[in-house]
Amino acid sequence: MDDESIVRKGIRIIGIWTIKAFDTIRLKSSEIPMLIHELVEGLKHSRRVFLKIEYSKHNTTKNALAKCVKVSILLCYRDESIFFSSSAMHSLLLYNIGHLATPQSQEDTPQHRNKTYRLSGAAMGNIHTDQNVALLIENGTITRIGDSATLEREVRADKRFDAKGMTALPGFVDSHTHTIFGGNRANEFAMRSAGRTYQDIAAAGGGILSTMNATRSATHEELLAIGRKRLDAMLRHGTTTVEIKSGYGLDTASDLKILEVIQELAQTHPMTIVPTFLGAHAFPPEFREKRDQYIELVCQEMLPMVKERGLAVFCDIFCEQNYFSVEQSEHILNTARELGFALKLHADQLSASGASELGVRLGAVSVDHLECTTASGIRAIASSATIATALPGASLFLNHPYPPVRDIINAGAAVALATDFNPGSSMTFSMPMMMTLAATQMRMTPEEALTASTLNGAAALCLAHERGSLEVGKRADILLSEVSHFYEVSYHFGMNHIVHVIKDGKVIV
Ligand code: NIG
Ligand code: FE
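For what it's worth, the working numbering labels the leading residue of the sequence shown as 818, then goes sequentially.
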């Protein structure tokens, strides 16, 4: 295919500076139109990534590839800084690590390899620790872990970084946030301190709808600038992977605007970002009297557009009294699933609605919140692959009960911890603070809290095969802290103990 026909397919080639990221796959020729369609649709809205596709007949006749065609995909980055951060070849020796603590993925056997690893039940408490360690990182991936003196002697690396005896941990994975919103709700914080409840304030027109107004009136550029600042602060607090939801637009253009901001951040910020569509976060005022029509808008217009533009991996919903009922949630989530979205739910936050059971039934990757989950919800989660994501910041901030995490782990389920960063119920970036609340309010051990904040958070984003632990083969997302043992990160609370952050093998904080 020549450049002209690519242009006809909808790609504008603005200029190809250098072609460095290169991948080759072999496909049956009948699969090519679909591949091209998906790539074109996924990338043509991107502001910075441009695509060129070449194909040629593959000559092999002796094997099963006889009728296949070789497709070369060349990703051309306009912005050199993105290009160099994603594909420059280099190695780094991170040495003189005093103490290392990490969960470890389950057996690395061929049948488990490339599966989503997560630790459930009692296994969540197995933290591997080591002393006087060095890590060799090549092209952003950990390739060797061993005794520091030995690696310092044996390894030649382009760069060396002295950890000065500090403690190394995996970067935190914050698997549930609402990072992109306009304004803030400090006024509601003050109202709650005077006795008003979250539900009262929402019923009086505040809450999610007040943030919706501020977000609708913010421009793409304004939200981008706010988002960038927030991501910088998260990185400084040790978060290296974050999920971000839409859900403060509540009309097609505004929720797409949020997702486009998230996409631009994902392409330009070092943080690993996983986007989630949360159009069913609340009913916007213009649909208050015609809720079914809003649900149809979500199903018929928003979800297909988000999918077509490749703007979200997950679809989430606020399944709750006065928000989306179990039946409405099931309808929306089924539509999303058919379109190919992975699923998440805000489940059983303010009341026990059966949302956890629904999430399990639909094969959701995670059910989140769970403050009011019953024994039946716990049984359902424990009998499934669905991850229970606890958000203790929301319980602290709203003075609500904490989710029954001890019972959930004892039942054998996998638990993740996340901040739920949002302006109404949890205005924090701090994963260490979640670990403190886990230990003091939810009877998790510090070991379980570390697994929940790293490996299981990554599993809740389907990223546990490449992130969430310090192991050979994983991406090098590493925190260095001056504490002498990982317990102190949550024990000495309200402090930021992170000194350095290594993201995809680069020291960026
Ligand atoms: O996860 N519960 C629904 N959504 C958010 C709160 C959103 C808001 O109050 O702005 C949560 O707690
Ligand atoms: Fe939330």
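Yeah, the Cβ is synthetic: ideal placement off N, Cα and C, and Gly gets one too.
Note that the structure is predicted; figures quoted are calculated from it, not measured.
DSSP bridge partner residues for residue i (one or two, in chain order)
i, result
"PRO1121", "According to DSSP, which records beta bridges pairwise, PRO1121 is partnered with nothing at all."
"LEU1208", "For LEU1208, which the question treats as bridged, DSSP gives no partner whatsoever."
"GLN948", "HIS916"
"THR984", "HIS916, SER1298"
"PRO1092", "ILE1061"
"ASN1239", "SER1243"
"HIS1163", "PHE1135, ASP1185"
"GLU955", "SER908, THR958"
"PHE1141", "CYS1136"
Beta-carbon proximity check, residue i vs residue j, cutoff 8 angstroms
i, j, result
"PHE1100", "CYS1132", "no"
"ALA985", "LEU1234", "no"
"ILE1075", "ILE1090", "no"
"TYR1063", "PHE1094", "Just to set this straight, residue 1063 is Ser in the shown sequence, not Tyr. Yes. Within cutoff."
"ASP1185", "LEU1162", "yes"
"ASN913", "ALA974", "no"
"LEU1208", "ASP1237", "yes"
"LEU1032", "SER1071", "According to the sequence shown, residue 1032 is Thr rather than Leu. Yes. Within cutoff."
"TYR1219", "MET1248", "no"
"LEU911", "ILE1226", "no"
"ALA1266", "ALA1276", "no"
Residue i CB to nearest heavy atom of the ligand MN below 7 angstroms
i, result
"ASN1239", "Inclusion of the ligand MN in the displayed structure is not the case, the ligand content consisting of the ligand NIG and the ligand FE alone."
Delimiting residues of the beta strand (DSSP E) encompassing residue i
i, result
"TYR934", "Premise fails: TYR934 is in no beta strand (DSSP E) and is neither H nor E."
"VAL1316", "1315 to 1320"
"ILE1134", "1131 to 1136"
"ALA813", "Lying before the first or after the last residue shown, residue 813 is absent from the chain, which here runs from 818 to 1326."
"LEU1234", "1232 to 1234"
"ASP1109", "Not the beta strand (DSSP E): ASP1109 falls in the alpha helix (DSSP H), residues 1108 to 1113."
"VAL990", "989 to 991"
"ARG977", "976 to 979"
Distance between residue j and residue i (C-alpha atoms, nearest Å)
i, j, result
"ASN1313", "ASN943", "25 angstroms"
"PRO987", "ARG1108", "44 angstroms"
"THR1271", "GLY1022", "37 angstroms"
"GLY1044", "ILE997", "6 angstroms"
"CYS1189", "GLU1174", "13 angstroms"
"ARG1223", "ARG1196", "13 angstroms"
"ASP840", "ARG1047", "Residue placement at ASP840 is poorly supported in this model, since its pLDDT is 40, which falls under 50; the coordinates are not used for a value here."
"LEU1026", "TYR1111", "15 angstroms"
"VAL1326", "VAL1306", "17 angstroms"
"LEU953", "GLY1290", "11 angstroms"
"ILE962", "THR994", "32 angstroms"
"GLY1055", "THR919", "14 angstroms"
"SER1301", "GLU1081", "38 angstroms"
"ALA1192", "ARG1013", "30 angstroms"
"MET1051", "PHE1104", "35 angstroms"
"ARG1178", "PRO1092", "23 angstroms"
"LEU1156", "VAL1123", "10 angstroms"
"GLN1145", "THR1203", "21 angstroms"
"ALA1164", "SER1170", "8 angstroms"
"ALA1153", "GLY1096", "11 angstroms"
"GLU1106", "GLY1229", "43 angstroms"
"LEU1041", "VAL1059", "16 angstroms"
"GLY1322", "PRO1102", "46 angstroms"
"MET1252", "LEU1067", "32 angstroms"
"MET1029", "ALA1181", "26 angstroms"
Burial state of residue i, where buried means 16 or more other Cβ atoms lie within 10 Å
i, result
"PHE1006", "exposed"
"SER1200", "exposed"
"GLN1138", "exposed"
"SER1242", "buried"
"ARG935", "buried"
"SER1168", "exposed"
"ALA1293", "buried"
"HIS1148", "buried"
"LYS976", "exposed"
"ASN1216", "exposed"
"CYS1136", "buried"
"GLN1166", "buried"
"HIS1317", "buried"
"ALA1003", "exposed"
"HIS1037", "exposed"
"THR946", "exposed"
"ARG1284", "buried"
Bounding residues of the alpha helix (DSSP H) (the contiguous stretch that carries residue i)
i, result
"THR967", "965 to 971"
"VAL1222", "1222 to 1227"
"LYS1046", "1037 to 1053"
"ASP1327", "Residue 1327 lies beyond the stretch modelled for the chain, which goes from 818 to 1326, so this question has no answer here."
"ASP1017", "1015 to 1020"
"ARG1196", "1192 to 1199"
"ARG1329", "Outside the shown range of the chain, which is 818 to 1326, sits residue 1329, and nothing can be said about it."
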